[in-house]
Amino acid sequence: MVGNYDSYEEAMDTKKLFNERLQHKLDRKTEKMTKMVARITQQASKGKDDKKKQVAAAKKKKMERIGNERNDKGHRFKRSRDRQGFHFTLLDGAEDTALYETSYNSKAWEALTTPPPQIRNLTKLAQTTMLSLENVSFSYKAAAEIPNQRENSSSPPLAIKSVTLNVAYGEKVVFVGRNGAGKTTLMKILNRVIKPDAGKVQYFHGARVGTLMQHHVEDLKRLESRNLNALELLMKSISKEENSPEVLLANNGNSNRGTTSLETKVRAHLNKFGISGETAVSVPLGGLSGGQLVRVGLAWVTFPNPPHVLLLDEPTNHLDMTTIQVFGEALRKYQGAVVLISHDIHFLNILTREQGGKRLNESDSDGDKDESHPSLPARVFEVRKSKGIVSVHQLEGGVDAYRRKQERISASVGRV
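Using the UniProt record's numbering, read the sequence shown as starting at 1 and increasing by one per residue.
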């Protein structure tokens, strides 16, 4: 497909309309065949007619192939052309794939619709500060210590000075900015991977923070885990300690129930992210696509319950346009807090815009909000670096302000 996001969305809307019309025809045909089979079966039983019983059986078998007469373009279905490769069954989840490609309510991200668990002794999660930075400062002692920095680089060491940030439950916080500006370092401080030189990093007591960084996804294919399947990876990760919170939660507090109950729950959880069947138990991680690895990673950080805060570093890097659309919709509705780094303007538009087109950082005057889970303003921060000093600035215009700035930069580069 050639074109911009607008042409892509137009094509997807056309495809969705086509699929809806095709599904309506198939439903009518199925209903008609069902009534016919029931009528012939009834006649055969009354008259003890074996020939009619055979006709009814043949019609019933034919019903199993309804929907397989035409491909996704409406042309006559040919197995050699439309179902190439190895498949475990005749349909092999083809209907789910078609639904996933055209529906933003796909079960592939069902787990993100589950709210994080209530925190003990806290009456209400909404708008409670889950994570905070208070006058945090940090600096690399040498340029060579900076991630992805060349050893012979002449750039000055990166230093973060007096950053303060509060992230409330339900809030969406986005870091944007040029590569090398310090976004990933800031995320590592939030995740407590890096200890600041000064200031405080505080989590609300009892809050669970889940993190999926770029290197987490890439490492799945490079390290010893590449030979594990998705089920084995999660089982190995969460069962390192017999009495770990994950195991106890999955087994309803009983650590002696073995791995059977836990394995069942892990498989069901992977299925919520579209990793199911043979893909979950037979395909090694080294054989999965980048998009599938992202889903496995998200399944890992959201098991057994979604975290109160999700930290995501460039989560759409390996995803196709359709998956980005579905993921953005699911993440926007996520009830917990989300802090992420992204350069994908289209993804950020989905994440920060209501279905009616209104930004999450715009006031709502129609009185239609869900008061039990009110939408907090989506905040966009630009991370800038000047002479090695990193600063964080909130963009009042949000994603639109960042997009306009990038367009001005692109235009000025084009004039040079």
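Glycine is no exception: its CB is placed at the ideal position from the N, C-alpha and C atoms.
Checklist line | Proximity below 7 Å, CB of Lys272 to CB of Glu134 | finding: No; because the gap between Cβ atoms is not below 7 Å, this pair is not in contact.
Item checked: Residue nearest to Ala401 in terms of C-alpha spacing, selected from Ser391, Lys265 and Asn349 -> Asn349
Notebook entry, point to check: How would you write the range of the alpha helix (DSSP H) that Met321 sits in, first residue to last?
Noted result: Met321 to Arg332
Checklist line | Anticipated Cβ contact below 8 Å, Pro306 with Leu112, distance rounded | finding: 7 Å
Notebook entry, point to check: Which stretch, first to last residue, makes up the beta strand (DSSP E) that contains Gly177?
Noted result: Boundaries cannot be given for Gly177, as no beta strand (DSSP E) includes it and DSSP labels it neither H nor E.
Next item on the list: On a CA-only basis, which of Lys46, Gly47 and Thr41 is nearest Gln54? Give me that one, please.
Entry: Thr41
Checklist line | Range of the contiguous beta strand (DSSP E) that encloses His393 | finding: Boundaries of the beta strand (DSSP E) around His393: Ile389 to Gln394.
Next item on the list: Pick helix, strand or coil for Tyr402, following the three-state DSSP scheme.
Entry: helix
Notebook entry, point to check: Val383 lies in the beta strand (DSSP E); which residues open and close that run?
Noted result: Arg379 to Ser386
Check: Per DSSP, Ser7 forms a beta bridge with which residues?
Finding: DSSP lists no partner for Ser7.
Next item on the list: Along the alpha helix (DSSP H) that carries Glu218, what are the first and last residues, could you check?
Entry: Gln214 to Arg222
Check: Which first and last residues belong to the beta strand (DSSP E) in which Ile350 is found?
Finding: Taken as a continuous stretch (DSSP letters only), Ile350 belongs to no beta strand (DSSP E), being part of the alpha helix (DSSP H) at Ile345 to Thr352.
Item checked: Backbone secondary structure at Thr164 - three-state DSSP -> Strand at Thr164.
Next item on the list: Determine the closest residue to Leu312 out of Ser342, Leu319, Thr322 and Pro304, with distance taken between C-alpha atoms.
Entry: Ser342
Notebook entry, point to check: Can you check whether the CB of Thr211 is closer than 7 Å to the CB of Asn191?
Noted result: yes
Notebook entry, point to check: Using the rule of at least 16 other Cβ atoms within 10 Å of the residue's Cβ for burial, across every protein chain shown, is His215 buried or exposed?
Noted result: exposed
Checklist line | Proximal residues to Met235 (C-beta, below 8 Å), its chain only, five neighbours per side dropped | finding: Thr259, Leu262, Glu263 and Val266
Notebook entry, point to check: Just how far apart, CA to CA, sit Glu20 and Arg226?
Noted result: 39 Å
Next item on the list: Could you tell me whether the region 315-328 touches the region 292-306, using the rule of 3 or more Cβ pairs below 8 Å?
Entry: yes
Checklist line | Backbone CA spacing between Leu270 and Pro117 [nearest angstrom] | finding: 19 Å
Next item on the list: Check the C-beta distance from Pro315 over to Leu340 and give it rounded, since I have them as a contact under 8 Å.
Entry: 6 Å
Margin query: Between Gly47 and chain B, is the shortest Cβ-Cβ distance under 7 Å, so that the two count as touching?
Written below: Within the model displayed, chain B is absent; a lone protein chain is all it includes.
Notebook entry, point to check: For Lys46, which three-state DSSP category applies?
Noted result: Three-state DSSP puts Lys46 in a helix.
Notebook entry, point to check: Looking at Ala207 and His308, is the spacing between their C-beta atoms short of 7 Å?
Noted result: Cβ atoms of His308 and Ala207: closer than 7 Å.
Item checked: Span of the beta strand (DSSP E) around Ser297 -> Just to set this straight, residue 297 is Gly in the shown sequence, not Ser. From DSSP, Gly297 is part of no beta strand (DSSP E) but of the alpha helix (DSSP H) over Gly290 to Val301.
Check: If you drop the 5 nearest sequence neighbours on each side, which residues of the same chain put their C-beta closer than 6 Å to that of Ala330?
Finding: Trp109 and Leu112
Checklist line | Residue span of the beta strand (DSSP E) that contains Glu171, given as start and end | finding: Neither: Glu171 is in no beta strand (DSSP E) and is coded neither H nor E.
Note to self: Using 7 Å as the threshold, is the C-beta distance between Val37 and Lys52 below it?
What the structure shows: no
Next item on the list: Measure the CB-CB distance between Gly177 and Ser137 and report whether it falls below 7 Å.
Entry: no
Next item on the list: Compare the Cα-Cα distances from Val281 to each of Asp50, Asn229 and Leu319 and report the closest residue.
Entry: Asn229
Note to self: Taking a contact to mean a Cβ-Cβ separation below 7 Å, would you say Val383 touches Val163 in this structure?
What the structure shows: no
Margin query: Helix, strand or coil for Asp197? Go by DSSP, reduced to three states.
Written below: Of the three classes helix, strand and coil, the one that applies to Asp197 here is coil, per DSSP.
Checklist line | One or two residues paired with Leu310 in a DSSP bridge | finding: Gly210 and Val338
Check: Is it right to say Val390 is buried, meaning 16 or more other beta carbons lie within 10 angstroms of its own, or is it exposed?
Finding: buried
Check: Buried or exposed: where does Ser139 fall if 16 or more other Cβ atoms within 10 Å of its Cβ makes it buried?
Finding: Buried: at least 16 other Cβ atoms inside 10 Å.
Next item on the list: Please go through the same chain and pick out, in chain order, the residues whose beta-carbon is closer than 7 Å to the beta-carbon of Gly328, but skip the five residues on each side of it.
Entry: Phe347, Ile350 and Leu351
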